[in-house]
Amino acid sequence: MKHTLLSFAKEQGRTLFMQFLVMGGILWFCHLLFANTQANLEARNIASGFGFLAYEAGMPISDALLPYTPANSYGYAFFIGVTNTLYVSMISIVLATLVGVLVGVARVSSNWLVARLAEIYVEVFRNIPLLLILFFTYGVVLTALPSPRQSLHWGAGFFLNNRGIYFPKLMPENGFLMIPVAFLIGIIAAVIIHRKATKRRKETGRSLPSVRIGLALTFGLPLLTALILGMPMAWELPALKGFNFKGGGVIRPEFCALLIGLVLYTAAFIGENVRSGIQSVAKGQLDAAHALGLPGGLIMRRVVLPQALRVTIPATTNDYASLVKNSSLAVAIGYPDMVSVGGTIIGQNDQAIEIIVMWMAVYLFINLVISLVMNWLNARVQLIGR
Amino acid sequence: MIPAETADIKIFTPQADEAPPLDASGPIGWIRQNLFNGRLNTVLTVAALLLLAKTVPPLLSWAFFKATWASNAACDAAREGACWGFVVEKFRVLMVGIYPEQYLWRPAVFFGLLAAVVIVTLFRLVNARTLAILWFSLPLPVFWVLNGGMGLAYVDQSLWGGLMLSLCLAVVGILFSLPFGVLLALGRRSEMATVKAICVGIIELIRGVPLITILFMASVMLPLFLPEGMTINNLLRVQIGVIMFSSAYIAEVVRGGLQAIPPGQMEAAVSTGLTKWQATRLIILPQALKHVIPSIIGRCVALFKDTSLVIIVGLLDFLGMIKASTQDPEWLGHEAEAYVFCALVYWLICFSISRYGRSIEKNNAW
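Just so you know, the protein sequences line up as chains B and A, in that order.
For the first sequence, position 354 (counting from the first letter as 1) is numbered 354 according to this note's numbering, and the numbering increases by one without interruption.
So this note's numbering is basically just the index in the second sequence, starting at one, shifted up by 1000.
Written as structure tokens, this is what we have:
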């Protein structure tokens, strides 16, 4: 007994000693890096600290969601970059999910041709670099579009040319604010009704078409409000002035290229997740659903997909995180995301360390949020039917 | 009274017989079963056929029938199809960058060595241990032959480029990140709290940020970390960034393998008198690594694609050379040919590697 205790203590002591050694080594290494960096920064006359964020940026940003002028500060310019990163990532995540689910379902389709086409799509886009897709879309597809003077015209103020997609812009007038408020109220009402309907179905077995009612509320309420208030808005149409369009809203080719690239690339990966999810559903489940006489669409919606999600969601979480990280490739085609803006700032004042720290902090935070949301979703999906 | 009741009497009328099932044999039966079973599938098939009819013939005519292999002048005359003369003309820079012309045999040796090792791997000419030694000893002769020294003239690393550079970055990146990744994975499962915390921190930090920020860090920040007077060139800095990046991902792959080993293995090994370290090295790791070979091959594909990002920190790898050559004033307007060729090469390499990975996974061939 004594012997084992002693050796146990010895083992503990050795582990503790090792940990001290590791800690010491790391601290010493950090100190060395810090000292070197200090010396190097002084030798190169580079300032340190985050004071520069308050200075005037003096650089233009072609695509800003919020009002921005070069007279704004570096900090604000970086923030504009962050909003752009979030903006393009969110839209891409939604579209890539839609395309990905379609591709995944097509991969297991009983239609041979559709299944092969989906397979070709997946195998092509998974095996070429995203950057190549971006260059191709930006440099070949979008530059092949006509110049503003020969724009493709879709009527109602929509124009497509090599400077972007132009569309009529909404100009709010007095009382416009009520419409988004009505929209919000509609969503909340839809959620409440859906909950009530689910509860009633579980208690009494009678179901309500809650999804349809919800959709009607979400879109009907704002429409009704708009009609009552007498359409408190105007449309500003884009018009050709000189060599380019003025007025209206515009989606720039940089944004389009980034969006197309991210969606096509990520959808191939999500499609594979969906496929493996669908194939993970036991065959007995399908047979049982057929035996109950459910039609094909309902089997997919109510039997296969809910179970497939359990396999699909964890893998897709990673793909969403990659998508957000991949949006940093914006820098290669000139869309002003946070890496692109930060890179310009580094070019102007050499304060690379601060900018890189800010990049990493923002990306880590976004990834944290994604994994929290997806873990929550995953927990909910896993509970269904158990 | 009676007539009122007869109105309620239901007379049994059998439904018409269902048609016999369609013939499912032969090519027509196959088409019926796989392309036109049901209304939705018929619509989908027709839509897919229309899409193919719209896209494939123009693509084929562009890529083959109307394409020329001639040089620039002849190409401009016939601007209907692709001008593969562009790729032929640029082939050398696309493969090796601006590596000096009189030393072209050296990149050739590089490609030859790589091809030889790949062939040995594919046909399983040697056992796993020798294979590992072969791969891990590959960077040394490659570096000597490309860089020079010991009797060979030096070639500055800023002259390296093209597919050669992409392959170098990816191969060296994977090979060096394997040991680091294994160490990080072991550290993550360590019982020592500090070691574990540090490894988790490193892995999650690197996996949480885009490769571009790591490349920026390696390219811009690394020189600031070094003591005065010590400099390393951009290629090496970027390579260090790639290795760091890949290590974190390999670590997660290896961790998956470690978790798949039941704890009884470790307990049994320790009870036979092995120390923990010996047990890890001789019992746990070999099994864990065997498990994760397909995933590691998957990482190879991902890393090879990711090396294309080095263009952003100023290295001209394969994609970088493609982009640079489209800007040659003598060959303007050949972006489509360049990118299609580029996609073809990337696709061939990545698809072959992933197919190889899948065959290993299926046959469990190690």
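From the three backbone atoms N, C-alpha and C, an ideal C-beta is built for every residue, glycine too.
Just so we're clear, the structure is a prediction, and the values are computed from it rather than from any experiment.
Check the DSSP bridge columns for residue i and list the partner residues they point to.
i	result
V250 (chain B)	B:Y166
D1317 (chain A)	A:G1162
K325 (chain B)	Looking at the DSSP assignment, K325 (chain B) forms no beta bridge with any residue, so it has no partner.
E1252 (chain A)	Partner(s): none; E1252 (chain A) has no beta bridge.
G1149 (chain A)	A:L1152
H153 (chain B)	B:F159
N127 (chain B)	None, per the DSSP bridge assignment.
S73 (chain B)	B:E56
P172 (chain B)	B:M233
F1012 (chain A)	DSSP lists no partner for F1012 (chain A).
N1363 (chain A)	For N1363 (chain A), which the question treats as bridged, DSSP gives no partner whatsoever.
F245 (chain B)	B:L240
C30 (chain B)	In DSSP, C30 (chain B) forms no bridge with anything.
C1083 (chain A)	A:T1068
What does residue i touch in chain A if you count any residue whose Cβ is under 9 Å from its own?
i	result
Y166 (chain B)	Correct list: empty, because the minimum Cβ distance to chain A is about 25 Å.
Please compile the residues from chain A whose C-beta is within a distance smaller than 7 Å of the C-beta of residue i.
i	result
Y320 (chain B)	In chain order: nothing, as chain A lies at least about 13 Å away.
L33 (chain B)	F1225
E119 (chain B)	Within 7 Å Cβ-Cβ: nothing; E119 (chain B) doesn't reach chain A, min ~12 Å.
M18 (chain B)	M1192
If you follow the alpha helix (DSSP H) that residue i is in, where does it begin and where does it stop?
i	result
N111 (chain B)	Looking at the DSSP string, N111 (chain B) is not in any alpha helix (DSSP H), and its letter there is neither H nor E.
K196 (chain B)	M178 to T204
K1196 (chain A)	A1193 to G1208
P1027 (chain A)	G1026 to N1034
K283 (chain B)	K283 to A291
E1018 (chain A)	Taken as a continuous stretch (DSSP letters only), E1018 (chain A) belongs to no alpha helix (DSSP H), as it is neither H nor E.
A143 (chain B)	Note that residue 143 (chain B) corresponds to Thr in the displayed sequence, not to Ala. Careful: T143 (chain B) lies outside any alpha helix (DSSP H) and carries neither H nor E.
F1065 (chain A)	Taken as a continuous stretch (DSSP letters only), F1065 (chain A) belongs to no alpha helix (DSSP H), as it is neither H nor E.
V211 (chain B)	S210 to I228
E1267 (chain A)	P1263 to S1271
L1211 (chain A)	L1211 to F1216
May I ask which residues mark the beginning and end of the beta strand (DSSP E) holding residue i?
i	result
A1047 (chain A)	From DSSP, A1047 (chain A) is part of no beta strand (DSSP E) but of the alpha helix (DSSP H) over R1039 to L1060.
E236 (chain B)	M233 to E236
N161 (chain B)	F159 to N161
A1302 (chain A)	No beta strand (DSSP E) contains A1302 (chain A), which is instead part of the alpha helix (DSSP H) from L1285 to D1306.
K241 (chain B)	A239 to K241
Exposed or buried, which one is residue i when buried takes at least 16 other CB atoms within 10 Å?
i	result
T1231 (chain A)	exposed
G385 (chain B)	Its pLDDT being 48, under 50, G385 (chain B) is placed unreliably by the model, and the measurement read from it follows with that caveat. So G385 (chain B) ends up on the exposed side.
R1358 (chain A)	exposed
W1105 (chain A)	exposed
V1087 (chain A)	buried
M1150 (chain A)	exposed
C1342 (chain A)	buried
Y55 (chain B)	exposed
I356 (chain B)	buried
K2 (chain B)	Below a pLDDT of 50, predicted positions are generally treated as unreliable, and K2 (chain B), at 47, falls in that range; the measurement from the model is reported next regardless. Exposed, since its Cβ has fewer than 16 Cβ neighbours within 10 Å.
H153 (chain B)	exposed
A1116 (chain A)	exposed
M171 (chain B)	exposed
G1273 (chain A)	exposed
A1016 (chain A)	exposed
I1133 (chain A)	exposed
Y76 (chain B)	buried
H1291 (chain A)	buried
Can you list the residues of chain B that residue i reaches, using a CB-CB cut of under 8 Å?
i	result
C1199 (chain A)	Per Cβ cutoff of 8 Å: no residues; C1199 (chain A) is ~10 Å from chain B at best.
Y1370 (chain A)	Because chain A here runs from 1001 to 1366, residue 1370 (chain A) falls outside it and cannot be looked at.
E1228 (chain A)	N36, A39, N40 and A43
Along chain B, in chain order, which residues have C-beta atoms closer than 9 Å to that of residue i?
i	result
F1245 (chain A)	Within 9 Å Cβ-Cβ: nothing; F1245 (chain A) doesn't reach chain B, min ~11 Å.
W1347 (chain A)	E123, V124, N127 and I128
L1044 (chain A)	A106, S109, N111, L113 and V114
S1354 (chain A)	E123, R126 and N127
L1236 (chain A)	Going along chain B, no residue has its Cβ under 9 Å from L1236 (chain A), so there is no contact; the nearest lies around 17 Å.
Mind pulling the chain A residues with CB within less than 8 Å of residue i?
i	result
I353 (chain B)	M1221 and L1224
T344 (chain B)	Residues of chain A passing the Cβ test: none, with the nearest at roughly 12 Å.
T15 (chain B)	E1191 and M1192
Which chain B residues sit within Cβ distance under 7 Å of residue i?
i	result
G1208 (chain A)	Y363, L364 and N367
S1308 (chain A)	P129, L131 and L132
M1217 (chain A)	I356
I1203 (chain A)	Ordered by position in chain B, no residue passes the 7 Å Cβ test against I1203 (chain A), which lies about 12 Å from the chain.
3 or more residues per run - each beta strand (DSSP E) lying fully within the segment 303 to 376 of chain B = none
At 4 residues or longer, and completely inside the segment 1317 to 1354 of chain A: list those alpha helix (DSSP H) runs for me, N to C. 1318 to 1326
Return the chain-ordered ranges of every alpha helix (DSSP H) run that is complete within the segment 1093 to 1124 of chain A and spans a minimum of 4 residues. 1105 to 1122
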